[in-house]
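Same order as they appear, the protein sequences are chains A and B.
Read left to right, the first sequence gives residues 0 to 278 (numbering that gives the first Met the number 0).
Read left to right, the second sequence gives residues 0 to 264 (numbering that gives the first Met the number 0).
Read the structure below first, then the notes.
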Amino acid sequence: MHVRPVERAVLYILIALGVFLPLIFPFDRWPNLPTPEVEAVYNTIENLQSGDTIMVAVDFDPSSEPELYPMLLAVMRHAFSKDLYVLGVCLFNPAGAGLGMTAFTTVGDEFGKVNGTDYVFLGYKPNMVAVVRGMNQNIGRMFTVDAFGRSTRGMPIIQRTPRLRGGIKYLVDLAAGETVRPWVAYGSTPGGYPMGAGCTAVSFADYFSFYQSGQINGLMGGLKAAAEYEELVHMKGAASAGMNSQSIVHVLLVIFILLGNFLYVQSKLAERRPKGEAR
Amino acid sequence: MNAFDLIGIWVAAGLTLMMLSFLYKDNPFFRLGEHLYLGISNAYIVWFLWWTIVRPDFIGRVFVNLEPSQPWTPNYSYLVPGILGLIMLARMVPAIAWLSRWALAFIVGWGAGTSIGPTVNSYLLAQLYSTFPWVNLGPVVGAPVGEFVPALVNALLLFICVFTVLVYFFFSVEHKGAIGRTADIGIWVLMVAFGASFGSTVMARVSLFVGRARFLVQDAERAGHAFSILLTIGILIAVIAGIIAKRQGRSPLEPPPPLDAPPEG
Chain A
0 MHVRPVERAV LYILIALGVF LPLIFPFDRW PNLPTPEVEA VYNTIENLQS
50 GDTIMVAVDF DPSSEPELYP MLLAVMRHAF SKDLYVLGVC LFNPAGAGLG
100 MTAFTTVGDE FGKVNGTDYV FLGYKPNMVA VVRGMNQNIG RMFTVDAFGR
150 STRGMPIIQR TPRLRGGIKY LVDLAAGETV RPWVAYGSTP GGYPMGAGCT
200 AVSFADYFSF YQSGQINGLM GGLKAAAEYE ELVHMKGAAS AGMNSQSIVH
250 VLLVIFILLG NFLYVQSKLA ERRPKGEAR
Chain B
0 MNAFDLIGIW VAAGLTLMML SFLYKDNPFF RLGEHLYLGI SNAYIVWFLW
50 WTIVRPDFIG RVFVNLEPSQ PWTPNYSYLV PGILGLIMLA RMVPAIAWLS
100 RWALAFIVGW GAGTSIGPTV NSYLLAQLYS TFPWVNLGPV VGAPVGEFVP
150 ALVNALLLFI CVFTVLVYFF FSVEHKGAIG RTADIGIWVL MVAFGASFGS
200 TVMARVSLFV GRARFLVQDA ERAGHAFSIL LTIGILIAVI AGIIAKRQGR
250 SPLEPPPPLD APPEG
């Protein structure tokens, strides 16, 4: 039993309608109730004092942008609204550095923050293990220039926070790949700072064991978690808008699965029936 | 919105529709978008790595003072990683390809030596420790029954699931009798885990489509109705392609032969 081209086209059209219609005619009726894992990240940042420094690792690239970029914006807005200093880095893929640069400057401008004083995006470096270990000791030696090519020597935020160990109060890793594990093993554990993570929905089940073990104190998975964070900071954005489409498509998928299984069972029963009974 | 932003949004909207056109069938527009993506992303990465790594971390530390206003002395120790990095490129010249093994040997040796301790601590011991029920029940000892009982069930379930899956992957004993039944439970646990992962994966894929759709509907439409205009052009092209396919005796929705397939006959 296979899907015929016409049936496939119908499925695509229904999914497209389910995605596009809520975006064309937006509504705000379905709340995204925060889960404890997302609340844990929010509460940690909320309980920091003005003037504390956090690190946000932009460990994703454009292929995960729809899920993780809204999360990045929500976390950045929360941090800047609390007057925290924010360090940024990208250790996953050089293609992600551009997203980090855009997010840091966009949200920084929204809150009137100064690049290099209130925040810095350090950009990309290969060999994540070596870089994380090096940043625990000395950020300026590991990154002589930031993502914009400006020298970090004499940069006020680097002078305030010369190293991660003892310098930052929280680390949030927004990960499209396997970067949460190295950050836990080489960053937060030896560095002694708490860590939360945001990841794609694909990785959520994998990383939950780190949340359960307490190695990370909060975990945000996929677009839904991003929408929950937007709800918590009262700044609804792309994730909240996308969740209406997401919810409708989920209902459609459940209907497709039930329908597909019903038709499959029906076809199997028809095959088992004696041929004489067939009309 | 300045002219560069406007052009950028139109190009992005066009490329998004080119990639989505694969849902209809493989076509030259999809191939163009695919090749542009590969070419541009690689060019960007090379430029970015040169500008933020090779120039400041190698050239700027060994050969040239990139900050003339600051005191500078060359640090020749950076020649060692610089040379190791350069000989990695020897793989492209067969006669001296063996040189690259030195750099690889250094990376493998350093990586193994550096990662064994933290890996065992963080990925094995910490995860194993948090599997035991008494560890997970510690925080809820003395808590109300309504809080303690769910935590107890959760802790026992976690321990049983991990144990049965480990038994399933223990191949030194034949899976018969009690071991076999335990391994069978492990299979069910794995199936549930795979189901959860698959569900999350579907959610992630839908999220990617939602992200692109949001860009088309909200960002591109505000930039001179880029989405409506480009979608109309795309539909017109698809209709013309469908008419041509019909004249050739093929169904428009029939999967076409691959573009790089040899001609028939």
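We put the CB at the ideal spot given by N, CA and C, even for glycine.
Could you tell me whether any Cβ in chain A is nearer than 8 Å to the Cβ of residue i?
{"i": "Tyr-43 of chain B", "result": "yes"}
{"i": "Trp-71 of chain B", "result": "no"}
{"i": "Ile-52 of chain B", "result": "yes"}
{"i": "Gly-38 of chain B", "result": "no"}
{"i": "Phe-162 of chain B", "result": "no"}
{"i": "Ala-192 of chain B", "result": "yes"}
{"i": "Ala-102 of chain B", "result": "no"}
{"i": "Gly-210 of chain B", "result": "yes"}
{"i": "Gly-264 of chain B", "result": "Reliability of the predicted coordinates at Gly-264 of chain B is poor, the pLDDT of 48 falling under 50, and no value is obtained from them."}
{"i": "Ser-206 of chain B", "result": "yes"}
{"i": "Gly-108 of chain B", "result": "no"}
{"i": "Val-10 of chain B", "result": "no"}
{"i": "Arg-246 of chain B", "result": "no"}
Closest Cβ-Cβ distance between residue i and chain B: below 8 Å?
{"i": "Phe-110 of chain A", "result": "no"}
{"i": "Tyr-64 of chain A", "result": "The sequence shown places Glu at residue 64 of chain A, rather than the Tyr named in the question. Closer than 8 Å: yes."}
{"i": "Ala-56 of chain A", "result": "no"}
{"i": "Asn-137 of chain A", "result": "no"}
{"i": "Gly-122 of chain A", "result": "yes"}
{"i": "Ala-146 of chain A", "result": "yes"}
Please classify residue i: is it buried, with 16 or more other beta-carbons within 10 angstroms of its beta-carbon, or exposed?
{"i": "Asn-41 of chain B", "result": "exposed"}
{"i": "Lys-175 of chain B", "result": "exposed"}
{"i": "Gln-48 of chain A", "result": "exposed"}
{"i": "Gly-264 of chain B", "result": "At Gly-264 of chain B the pLDDT is 48, less than 50, meaning the model places this residue with poor confidence; the figure from the coordinates comes in the next sentence. Under this definition Gly-264 of chain B is an exposed residue."}
{"i": "Gln-245 of chain A", "result": "buried"}
{"i": "Gly-185 of chain B", "result": "buried"}
{"i": "Val-113 of chain A", "result": "exposed"}
{"i": "Gln-214 of chain A", "result": "buried"}
{"i": "Met-219 of chain A", "result": "buried"}
{"i": "Glu-220 of chain B", "result": "buried"}
{"i": "Leu-257 of chain A", "result": "exposed"}
{"i": "Val-171 of chain A", "result": "buried"}
{"i": "Gly-259 of chain A", "result": "exposed"}
{"i": "Gly-77 of chain A", "result": "What sits at residue 77 of chain A in the sequence shown is His, not Gly. Classification for His-77 of chain A: buried."}
Excluding the 5 residues flanking residue i on each side, which residues of the same chain have their C-beta closer than 8 Å to its C-beta?
{"i": "Arg-164 of chain A", "result": "Asn-135, Gln-136, Pro-189, Gly-190, Gly-191 and Tyr-192"}
{"i": "Trp-71 of chain B", "result": "Asn-64"}
{"i": "Arg-54 of chain B", "result": "Leu-65"}
{"i": "Leu-35 of chain B", "result": "Leu-14"}
{"i": "Arg-278 of chain A", "result": "Residue confidence for Arg-278 of chain A is low, a pLDDT of 48 falling below 50, so the modelled location carries little weight; the figure read from the coordinates is stated next. Result list for Arg-278 of chain A: empty, nothing under 8 Å."}
{"i": "Gly-115 of chain A", "result": "Asp-145, Arg-149, Met-154, Pro-155 and Ile-156"}
{"i": "Phe-180 of chain A", "result": "Residue identity check: residue 180 of chain A is Arg in the sequence provided, not Phe. The residues are Phe-209."}
In the DSSP assignment, find the unbroken alpha helix (DSSP H) run with residue i in it and report its ends.
{"i": "Ala-174 of chain A", "result": "Note, Ala-174 of chain A: premise wrong, no alpha helix (DSSP H); beta strand (DSSP E) at 169-174."}
{"i": "Val-106 of chain A", "result": "96-109"}
{"i": "Gly-145 of chain B", "result": "144-167"}
{"i": "Met-219 of chain A", "result": "From DSSP, Met-219 of chain A is part of no alpha helix (DSSP H) but of the beta strand (DSSP E) over 217-220."}
{"i": "Ile-242 of chain B", "result": "225-246"}
{"i": "Val-209 of chain B", "result": "176-213"}
{"i": "Ala-111 of chain B", "result": "99-118"}
{"i": "Met-127 of chain A", "result": "127-136"}
Leaving aside the five residues before and after residue i along the sequence, list all residues of the same chain whose C-beta is less than 6 Å from its C-beta, in chain order.
{"i": "Leu-16 of chain B", "result": "Leu-229 and Gly-233"}
{"i": "Arg-211 of chain B", "result": "Thr-15"}
Can you name the start and end residues of the beta strand (DSSP E) that residue i belongs to?
{"i": "Leu-121 of chain A", "result": "118-123"}
{"i": "Gly-84 of chain A", "result": "Reading off the sequence shown, one finds Tyr at residue 84 of chain A, where the question assumed Gly. 84-89 is the span of the beta strand (DSSP E), which, as asked, contains Tyr-84 of chain A."}
{"i": "Asp-290 of chain A", "result": "The displayed coordinates of chain A run from 0 to 278. Any statement about residue 290 of chain A would go beyond what the structure contains."}
Among residues of its own chain, excluding the 5 on either side of residue i, which ones have a beta-carbon nearer than 7 Å to its beta-carbon?
{"i": "Val-5 of chain A", "result": "none"}
{"i": "Pro-161 of chain A", "result": "Asn-137, Ile-138 and Gly-139"}
{"i": "Phe-120 of chain A", "result": "Gly-87, Gly-99, Met-100, Phe-103, Asp-145 and Ala-146"}
{"i": "Ala-225 of chain B", "result": "Ile-8, Trp-9, Ala-12 and Ala-219"}
Please identify, using Cβ separations under 7 Å, the residues of the stretch 196-208 of chain A that lie next to chain B, in order along the chain. So the close ones are Thr-199, Ala-200, Val-201, Phe-203, Ala-204 and Ser-208.
Please list, in chain order, the residues of the stretch 223-241 of chain A that have any C-beta partner in chain B closer than 7 Å. Going along the stretch 223-241 of chain A in chain order, one finds Ala-237, Ala-240 and Gly-241 with a Cβ nearer than 7 Å to chain B.
Select from the stretch 151-176 of chain A all residues with a C-beta closer than 9 Å to any C-beta belonging to chain B, and list them in chain order. Cβ contacts with chain B come from Arg-152 and Gly-153.
When you check each C-beta in the stretch 244-278 of chain A against every C-beta of chain B, which residues fall closer than 9 Å? Cβ contacts with chain B: Ser-244, Gln-245, Val-248, His-249 and Leu-252.
Any residues in the stretch 86-105 of chain A with a beta carbon nearer than 9 Å to a beta carbon of chain B? Which ones, in chain order? Those residues of the stretch 86-105 of chain A that come within reach of chain B (Cβ to Cβ, closer than 9 Å) are Asn-92, Pro-93, Ala-94, Ala-96 and Gly-97.
Which residues of the stretch 13-26 of chain A have a Cβ closer than 7 Å to any Cβ of chain B? Give them in chain order. Cβ contacts with chain B come from Val-18, Phe-19, Leu-22 and Ile-23.
For the stretch 216-230 of chain B, enumerate the residues whose C-beta is nearer than 8 Å to any C-beta of chain A, in chain order. For the stretch 216-230 of chain B, the beta-carbon criterion of a distance under 8 Å to any beta-carbon of chain A is satisfied by Val-216 and Gln-217.
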